[in-house]
Amino acid sequence: MIDVVVLFFLLGVFARLVGSDLRLPEALYETLSIYLLLAIGLKGGLELSRQPLAALAPEVAACIVLGFSIPLALYPLLRALKLPAVDAAAVGAHYGSVSVVTFAVASAAIARAGLPAESHAALWVAVMEAPGLVAGILLARRAQRRADATKADAGGAAGQGWGALAHEVLFGKSVLLLLGGLAIGAVAGDAGVAPIAAVFLDPFKGVLALFLLELGLVAGGRLAEVRRFGAVVLIVGIGVPPVLALAGAATGWLLGLSVGGIALLATLAASASYIAAPTAMRIAVPQANAALSITAALGVTFPFNIVIGIPLYIALAQAIAR
Amino acid sequence: MRGKHRKTQLVIVAEAAIESRLVALARRMGAQRWTITDIRAAGLDEVREGRWEADRTIELRLIADPEVADAIAEQVLTDYAPHFGVAMHFSEVSVLRPERF
Chain E
1 MIDVVVLFFL LGVFARLVGS DLRLPEALYE TLSIYLLLAI GLKGGLELSR
51 QPLAALAPEV AACIVLGFSI PLALYPLLRA LKLPAVDAAA VGAHYGSVSV
101 VTFAVASAAI ARAGLPAESH AALWVAVMEA PGLVAGILLA RRAQRRADAT
151 KADAGGAAGQ GWGALAHEVL FGKSVLLLLG GLAIGAVAGD AGVAPIAAVF
201 LDPFKGVLAL FLLELGLVAG GRLAEVRRFG AVVLIVGIGV PPVLALAGAA
251 TGWLLGLSVG GIALLATLAA SASYIAAPTA MRIAVPQANA ALSITAALGV
301 TFPFNIVIGI PLYIALAQAI AR
Chain D
323 MRGKHRKTQL VIVAEAAIES RLVALARRMG AQRWTITDIR AAGLDEVREG
373 RWEADRTIEL RLIADPEVAD AIAEQVLTDY APHFGVAMHF SEVSVLRPER
423 F
């Protein structure tokens with residue numbers, strides 16, 4: 001049976017396709033996303049309060065390496081698909097970074113299946129947000145240097161410096177709230193969080209459902225763009241996630257994670273960022289075609305992962321862990 | 323009404339991603355006062371509905387001396403127009419306390 005939150009997503013896509021005037025107020029969208037990030041962080045932080053932090057070092061290191069490697073691995077493949085160098089780097093960055101909502105849907109599916117999972121997995125999400133972006137930006141800058149060497153620049157401001165970018169990513173909303181929630185959960189512990197659990201923990205899935213309704217509307221709006229870009233976004237959007245999921249699952253298995261943990265890491269590797277990455281890449285690599293990356297990440301990969309990918313990755317984790 | 327002074331209003335419609343950089347540029351080039359609003363924008367080639375973070379559009383409205391407004395627009399054209407969605411227009415306005423602009 002398909003998870004109820006996914007049905008909300010499909011309702012959003014349907015509303016968009018039939019041209020409904022349904023639109024969630026922007027302020028509500030912002031509120032829901034802040035809530036989800038804080039709640040995911042808090043839940044992970046509670047688990048951190050129960051175990052020694054040093055034990056997590058291998059997981060953190062593996063997440064950084066995994067996130068950083070994805071754009072490097074995808075780059076030659078995307079170039080082979082005839083994407084311009086900066087676009088290949090930018091698309092890679094989107095896939096190297098992660099989608100928090102995909103993670104939330106996978107967590108809900110794993111909980112519903114009754115599989116054991118690491119409750120501090122939110123830490124992986126926070127850690128995996130930036131490395132892929134850094135790798136993508138490095139690839140893009142290298143490509144630009146080569147292009148600049150062969151022809152004069154067509155004009156426009158060069159990409160933003162690393163300092164401003166680091167500030168943008170590390171103190172941007174998603175990493176700040178995830179790490180903030182983790183820290184608050186870890187410091188406060190179960191007893192400290194108990195009084196706010198009725199707001200931040202219990203209604204989580206309902207809020208996720210509402211947020212997915214809005215994301216369905218957004219993703220549905222990108223479907224027309226899929227037609228514009230043609231086969232390449234479909235190949236990237238559907239073909240790449242399962243391959244990345246294999247890499248994520250293998251990493252999880254090597255780390256000795258639980259079945260749910262392997263599935264979550266596979267999902268994170270397979271997911272593509274459509275919030276942090278577009279903003280960061282827009283500023284760092286303005287030459288890249290933003291619509292292409294967003295259409296692949298949000299118009300194709302996100303729906304694919306939510307509806308088909310996550311059950312697939314859970315089955316993969318079960319097969320590996322057996 | 324007495325004491326009206328001519329100034330130029332420059333309106334910049336742009337991707338929200340470059341909002342802070344546009345403000346820094348305007349401030350650096352001598353603008354003293356501006357307003358920013360979130361808007362939804364569309365053209366024949368693109369629709370920016372502002373439904374989520376990467377799709378937001380802003381309107382930066384500033385009033386300044388004509389030469390300051392021209393210089394800001396020129397710099398925006400050079401730095402941002404090649405790769406970012408940017409539209410600009412000018413209008414003549416009358417203000418009451420010219421030293422504030």
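Chains E and D are the protein sequences, given in the same order. Take 1 as the starting number for the first sequence in the working numbering and just add one per residue. Take 323 as the starting number for the second sequence in the working numbering and just add one per residue. Each residue gets a CB set at the ideal place from its N, CA and C atoms; glycine is no exception.
Query	Result
From E:Arg332 to E:Ala315, what does the alpha carbon distance come to, in whole angstroms?	In the structure as shown, chain E begins at 1 and stops at 322. Residue 332 of chain E is therefore absent and cannot be evaluated.
Taking 9 angstroms as the cut-off, decide whether the C-beta atoms of E:Gln318 and E:Val259 are in contact.	yes
Under 7 angstroms Cβ to Cβ from D:Glu414, same chain only, skipping five residues before and after it: list those, please.	Arg328, Thr330
Counting only the same chain and skipping the five closest in sequence on each side, list residues whose C-beta sits under 7 angstroms from that of E:Ala122.	Ile40, Gly41, Lys43, Gly44, Leu178, Leu182
Quick one: is E:Leu170 buried, meaning 16 or more other Cβ sit within 10 Å of its Cβ, or exposed?	exposed
Mind listing the chain D neighbours of E:Leu217? Cutoff is C-beta to C-beta under 8 angstroms, in chain order.	Arg373
If you follow the alpha helix (DSSP H) that E:Phe14 is part of, which residue opens it and which one closes it?	4 to 17
Out of E:Leu53, E:Ala73, E:Ser174, which has the shortest C-alpha to C-alpha gap to E:Ala186?	E:Leu53
Could you name the residues of chain E that D:Phe406 contacts, counting a contact when the two beta carbons are closer than 7 angstroms?	Pro286
For E:Met128, name the three-state secondary structure that DSSP assigns.	helix
Can you give me, in chain order, the residues of the region 217 to 233 of chain E that have a beta carbon less than 9 angstroms from any beta carbon in chain D?	Leu217, Val218, Gly221
Could you check how far apart the C-beta atoms of D:Glu381 and D:Thr400 are, in whole angstroms? I think they sit under 8 angstroms.	21 angstroms between Cβ atoms; not a contact.
Shortest alpha-carbon distance to E:Gly163 belongs to which of E:Arg227, E:Leu139, E:Ala280?	E:Ala280
In this structure, how does DSSP classify D:Ile334 when only helix, strand and coil are distinguished?	strand
At least one CB of chain E closer than 9 angstroms to the CB of D:Ile380: is that the case?	no
Can you check whether the CB of E:Val86 is closer than 9 angstroms to the CB of E:Ala288?	yes
From E:Thr301 to E:Ala272, what distance separates their C-alpha atoms?	7 angstroms
Given a limit of 8 angstroms on CB to CB distance, which residues of the region 262 to 285 of chain E reach chain D?	Tyr274, Ile275, Pro278, Thr279, Arg282, Ile283
Nearest to E:Pro311 by alpha carbon, out of E:Ala111, E:Arg322, E:Arg227?	E:Ala111
Quick check: the Cα distance between E:His167 and D:Ser342, rounded to an integer number of angstroms?	13 angstroms
How is E:Lys43 classed by DSSP in three states: helix, strand or coil?	helix
Do E:Ala277 and E:Ala93 have their CB atoms nearer than 9 angstroms?	yes
Would E:Ala290 pass as an interface residue toward chain D - the criterion being a Cβ-Cβ separation below 9 angstroms?	yes
Taking buried to mean at least 16 other C-beta atoms within 10 Å of its own C-beta, is E:Leu17 buried or exposed?	exposed
Here's the rule: buried if 16 or more other CB atoms are within 10 angstroms of the residue's CB, otherwise exposed. What is E:Met1?	exposed
Report the three-state DSSP secondary structure of D:Phe412 (helix, strand or coil).	strand
To test your reading of the DSSP string, which unbroken alpha helix (DSSP H) runs of 4 or more residues are found completely within the region 359 to 405 of chain D?	388 to 401
So, at 6 angstroms on beta carbons, what are the nonlocal neighbours of E:Arg79 in its own chain, with the 5 sequence-adjacent residues on each side left out?	Ala88
Can you tell me the Cα-Cα spacing of D:Ala391 and D:Met351, whole angstroms?	9 angstroms
For chain D, find out if any of its Cβ atoms is closer than 9 angstroms to the Cβ of E:Arg141; answer yes or no.	no
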